[in-house]
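Single-structure report; data block below.
In my numbering, the protein residues as written are 32 to 610.
If you want it as structure tokens, here you go:
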């Protein structure tokens, strides 16, 4: 018994040391989180000091995964941002053409993240050093958020045996079984939370250490039910689905996120190093100015067109007008690039014309050696087409296209207002309810158009739009599903969900794969004179390939999964997106 007490004391001392180390690396903006580690006593040791890191590491990790997983892949597959302008280091084919190092960065990010979350669950679970069933319930909901993103990026992944200390090489689970497991965990968490409003008193209260919900367990419960509804609709209609409709029915019986204060967003720390938690500015402004940075990027044509053409007040929140200016282009001296130059110049002219840009073109691309484009400064909202190849790059002047606003590119450490990372929003909860009703799922009750319009309202409020502008937008046909075919209604819902998820590329990408909207993204590209077809011949990416670590660490189980799922290619459809 004495030896057991000594071992328990050593374990507690070790945990206190871990807390001190973790706190020292946390953000300076959260004073409650950053109390003096040297002042922590055994009585103050708590699992609440282990929740902050797994929360921000999932949505705002350090520079390497933020750049390679979030921006290079998710945000661009979602069709939010584009590379390939004249200053960009890459063409916009990057990511669509398989890269082992960039793919490995994404796989390693997801695989490596598990340890943060598993640690919290083990500490708070039965027999854990800080056993607390309510904290454990919060951990289960976080587990659901994590695994939904993970499986929808790669497909089959280790799930049911992950974290089992007796299993060195966990099996890969099918996506349907992962979804069912997530929903079971969410149900357990919601039942455990019940009517509780916090995880405990004093050091047992997650409080401000909880970056998602501020320790509010009823908000966590609404988050869990909203996530449950999202997953159910993601699975609905997939081959072999035998649970989604009943799950949707259950979700309508319990509250979802339902107000502006219910939005689950992570306030980004403006001080913490990008090597701990990064932002878009870490990729963009650390390598030059807005106008010339090699790490810079533009807003996509699909996004800008949808906002500009419908007088959407989110446009100036998301994008700035093109810088404009006068640029003269010279026809290449010889070769294929010279032969295709007239076609590519005409393409640029068409893009600017279709955007309604205030510009002029002098010179004839067929007969002249030079042409000059002049665009009015800081006036035109023009999105850059996605997936442009490297050969057209000299014509794609960044000055002709909209870049993200300062809200998204604000440099950390400047005290500037900076965007929040999206976890789950009230707008999406409303869109999900509208979708379920339009699809006629049993138990999905209410007026679909009311939910749809409330979703738009909540989205625009979240993005800071003025009340009058919201009212004007809602009066337009684009903001109503009171009439139209089922397909037309579902397209509007999917499009609004996609717009609302701007900057949360993993979710935006999943929306396109499941719904097929925006259709121009889902259609892929075909003209190799203009676009980079990548490793999948221009098709839309359905998943990412597994990282090399998956093969080297657990190859036999991985190959079993590939045998079920299909070839380890980016165009292999995942279970949720198969009709």
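Positions of the beta carbon are idealized from the N, C-alpha and C atoms, including for glycine.
What did DSSP end up calling residue 603 once you bin it into helix, strand or coil? coil
Which of helix, strand or coil does DSSP assign to residue 596? helix
Could you tell me the alpha carbon to alpha carbon distance between residue 224 and residue 218, rounded to whole angstroms? 10 Å
When the Cα of residue 431 is compared with those of 367, 329, 504, 443, which residue comes out closest? It is 329 whose Cα lies nearest to the Cα of residue 431.
Helix, strand or coil, according to DSSP, for residue 286 in the structure here? coil
So within the segment 327-358, which uninterrupted alpha helix (DSSP H) runs reach at least 4 residues, ignoring any that extend past its ends? 332-339, 346-349
Please state if the CB of residue 105 and the CB of residue 578 are separated by a distance shorter than 7 Å. no
Report yes if the CB atom of residue 209 is closer than 7 Å to the CB atom of residue 182, and no otherwise. yes
Near residue 475, what residues of its chain come up, given a Cβ to Cβ distance below 8 Å and the 5 sequence neighbours on each side ignored? 279, 280, 283, 464, 467, 468
What does DSSP give as the partner residue(s) for residue 452 in the beta ladder? 297
Does residue 508 pass the burial test, meaning 16 or more other C-beta atoms within 10 Å, or should it be called exposed? Label assigned to residue 508: exposed.
Cβ shell of residue 575 (< 8 Å), same chain only, five flanking positions each side left out: Around residue 575, the same chain offers 104, 134, 137, 138, 184, 185, 601 as residues with beta carbons nearer than 8 Å, after the five sequence neighbours per side are excluded.
Minimum length 3: unbroken beta strand (DSSP E) runs contained in the segment 402-480: The beta strand (DSSP E) runs lying completely inside the segment 402-480 and spanning 3 residues or more are 452-455, given in chain order.
Is the beta carbon of residue 573 less than 7 Å from the beta carbon of residue 544? yes
Since I believe residue 110 is in contact with residue 417 (beta carbons under 8 Å), could you give me their beta-carbon distance rounded to a whole number of angstroms? 6 Å
Quick check on the DSSP output: the alpha helix (DSSP H) that includes residue 137 runs from which residue to which? For residue 137, the enclosing alpha helix (DSSP H) covers residues 131-155.
Are residue 127 and residue 565 touching if we call contact CB-CB under 7 Å? yes
Do you know whose CA, among 489, 484, 419, lies nearest residue 552's CA? Out of 489, 484, 419, 419 has the C-alpha closest to the C-alpha of residue 552.
Alpha carbon to alpha carbon, how far is residue 285 from residue 348? Give it in angstroms, no decimals. 33 Å
Beta-carbon proximity check, residue 494 vs residue 345, cutoff 7 Å: Here residue 494 is near residue 345, since their CB atoms are less than 7 Å apart.
Taking 8 Å as the threshold, find out whether the segment 86-102 comes into contact with the segment 383-397 through three or more Cβ pairs. no
Tell me the residue span of the alpha helix (DSSP H) that contains residue 537. 536-546
Put residue 309 into one of helix, strand or coil per three-state DSSP. coil
Range of the contiguous alpha helix (DSSP H) that encloses residue 392: Run containing residue 392: none in the alpha helix (DSSP H); it sits in the beta strand (DSSP E), 390-393.
Coarse secondary structure for residue 95, derived from DSSP in three states: helix
Quick one: is residue 434 buried, meaning 16 or more other Cβ sit within 10 Å of its Cβ, or exposed? buried
If you follow the alpha helix (DSSP H) that residue 185 is in, where does it begin and where does it stop? 164-185
Same chain, Cβ closer than 8 Å to residue 338, neighbours up to 5 away in sequence not counted: Taken in chain order, the residues that qualify are 345, 346, 349, 350, 412, 530.
Pull up the distance between the alpha-carbon of residue 352 and that of residue 176, whole angstroms please. 35 Å
Excluding the 5 residues flanking residue 271 on each side, which residues of the same chain have their C-beta closer than 7 Å to its C-beta? 207
Residue of 370, 385, 391 minimising C-alpha distance to residue 359: 391
For residue 227, which option in 256, 369, 168 has the closest C-alpha, if you only look at C-alpha atoms? The candidate whose alpha carbon is nearest that of residue 227 is 168.
Beta-carbon gap between residue 154 and residue 81 smaller than 7 Å: yes
Span separating the alpha-carbon of residue 593 from that of residue 599: 6 Å
Can you round the beta-carbon distance between residue 548 and residue 526 to whole angstroms, since I take them to be within the 8 Å contact cut? Indeed they touch by this definition, with Cβ atoms about 5 Å apart.
Starting from residue 251 and walking both ways along the alpha helix (DSSP H), at which residues does that stretch end? For residue 251, the enclosing alpha helix (DSSP H) has its first and last residue at 248-266.
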